[in-house]
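Accompanying notes for the structure given below.
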Amino acid sequence: MRVTTPVRTAIDLARRYPLDTAVAAVDALARATRLSVGAIEEAAIRYPGRHGVSRALEVLSFVDPGAESPQETWLRLVVVRAEYPRPRSQLPVLNEYGVLIGTVDLGWIEHKIALEYEGKQHRISAEQFEKDIRRYDEMIDLDWTVIRVTSRDSEATVRLRLADAWNRRVRRAG
38 MRVTTPVRTA IDLARRYPLD TAVAAVDALA RATRLSVGAI EEAAIRYPGR HGVSRALEVL
98 SFVDPGAESP QETWLRLVVV RAEYPRPRSQ LPVLNEYGVL IGTVDLGWIE HKIALEYEGK
158 QHRISAEQFE KDIRRYDEMI DLDWTVIRVT SRDSEATVRL RLADAWNRRV RRAG
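Going by my numbering, the sequence shown opens with residue 38, and the numbers climb by one from there.
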């Protein structure tokens, strides 16, 4: 049976699928295999002129191995397309004593803005739901803005909510 390496698989995914699908797939592959975006880019560059290589390089510019789900990838792409600075994925949030409160899906520590994609774990785990409520309360007490997103939120809704938070936090401070 013939198989491809993770690097080759990433290039093939990036060359052949629509942008959002390709980014989500390569995010997941890079996370699962601890593959660096740089290693994939280096390999892709070795195929100049090959069909889809420029497209693969475009896809790779959006890849983040920190994404833990396709929904987190979608959320990050919404933010990037709206021309905000690229958020950090799996951002640790510390309290005033340096103790970890939790890790948020995406965010900007310097602006204290967090984006959380609320997936199905909240419908099936009361314990996780309660833990997240406590974590969000503690973050709010520390002056964080937490934007919680679900599958029912559209890209436009996310952009509006982020714009509101950004205007309150960043433009006010600047």
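Glycine is no exception: its CB is placed at the ideal position from the N, C-alpha and C atoms.
Tell me residue i's beta-bridge partners as DSSP assigns them.
| i | result |
| --- | --- |
| Thr182 | Ile150 |
| Gly139 | Val130 |
| Trp145 | Ile150 |
| Arg189 | For Arg189, which the question treats as bridged, DSSP gives no partner whatsoever. |
| Arg125 | Gly144 |
Express the C-alpha separation of residue j and residue i in angstroms, rounding to a whole number.
| i | j | result |
| --- | --- | --- |
| Val130 | Ile138 | 6 Å |
| Gln108 | Tyr84 | 31 Å |
| Glu133 | Asp180 | 11 Å |
| Ser106 | Thr58 | 12 Å |
| Val96 | Ala200 | 25 Å |
| Gly89 | Gly135 | 46 Å |
| Ala62 | Arg205 | 34 Å |
| Arg208 | Glu120 | 15 Å |
| Ala51 | Arg118 | 18 Å |
| Glu192 | Pro122 | 17 Å |
| Thr194 | Val116 | 12 Å |
| Leu114 | Arg71 | 21 Å |
| Gly75 | Arg196 | 29 Å |
| Arg68 | Ile161 | 25 Å |
| Ser91 | Ser98 | 11 Å |
| Val60 | Ile170 | 30 Å |
Excluding the 5 residues flanking residue i on each side, which residues of the same chain have their C-beta closer than 7 Å to its C-beta?
| i | result |
| --- | --- |
| Val183 | Ala151, Glu153, Tyr173, Met176 and Ile177 |
| Ala202 | Ile150, Thr182 and Ile184 |
| Asp64 | Val100, Asp101, Pro102, Ala104 and Thr110 |
| Ala93 | Ile48, Ala51, Arg52 and Ala81 |
| Val44 | Leu72, Ala76, Ile77 and Ala80 |
| Pro124 | Arg113, Val116, Leu143, Gly144, Trp145 and Leu152 |
Under a Cβ-count criterion, where at least 16 other Cβ atoms within 10 Å of its own Cβ denotes burial, should residue i be classed as buried or exposed?
| i | result |
| --- | --- |
| Ser126 | buried |
| Leu112 | buried |
| Gly144 | buried |
| Ile77 | buried |
| Pro55 | exposed |
Using a Cβ-Cβ cut-off of 6 Å (strictly less than) and excluding sequence neighbours within five positions of residue i, which residues of its own chain qualify?
| i | result |
| --- | --- |
| Thr140 | Gln127 and Pro129 |
| Val40 | none |
| His148 | Arg206 and Val207 |
| Arg198 | Ile184 |
| Glu79 | none |
Report, in whole angstroms, the separation of the C-beta atoms of residue i and residue j, which I expect to be a contact under 8 Å.
| i | j | result |
| --- | --- | --- |
| Glu155 | Thr187 | 5 Å |
| Leu66 | Thr46 | 6 Å |
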